[in-house]
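Residue numbers (this note's numbering): 4 to 72.
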Amino acid sequence: MQKAAMKATHDDKTFTLTGRYWSGTYPLEDLPKQLAFYRMLRAEYPKSGTSYDETIAELERLTKILTRK
C-alpha cells in the first residue's frame, strides 16, 4: 500500500500541508482560501489530471475535523 503524498496537520492557529517535495504553513483562517485555490487550479488546468486531488482531499478532511470542534 502506497503512503499518501499529502498530509494536513494543525495546531490552534495554523495548519501545515506536507507533500513529498514541499510543505507550507498557513493561518487557520486561510483554510477556505487554500481549498478554493486548489479547487480552482484543478478546474483551470485539467491537463494536470489528478495532481491536486490529494491536496484537496486533505484540506477537505481538515475542514471537517475543525468544523466538528
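Think of the CB as a built atom: it goes at the ideal place given N, C-alpha and C, for glycine as much as any other residue.
Of the residues Y48, Q37, K50, the one placed nearest A60, counting alpha carbons only: Q37
Helix, strand or coil for K50, going by three-state DSSP, please let me know. helix
For A60, which of helix, strand or coil comes out of DSSP? helix
So Y41 and L69 are in contact, right, with Cβ under 8 Å, and what is the actual spacing, rounded? Actually they are not in contact, since the Cβ atoms of Y41 and L69 sit about 17 Å apart, beyond 8 Å.
Note down, in chain order, each residue of its chain lying with its Cβ closer than 6 Å to the Cβ of K10, except the 5 sequence neighbours on either side. T21
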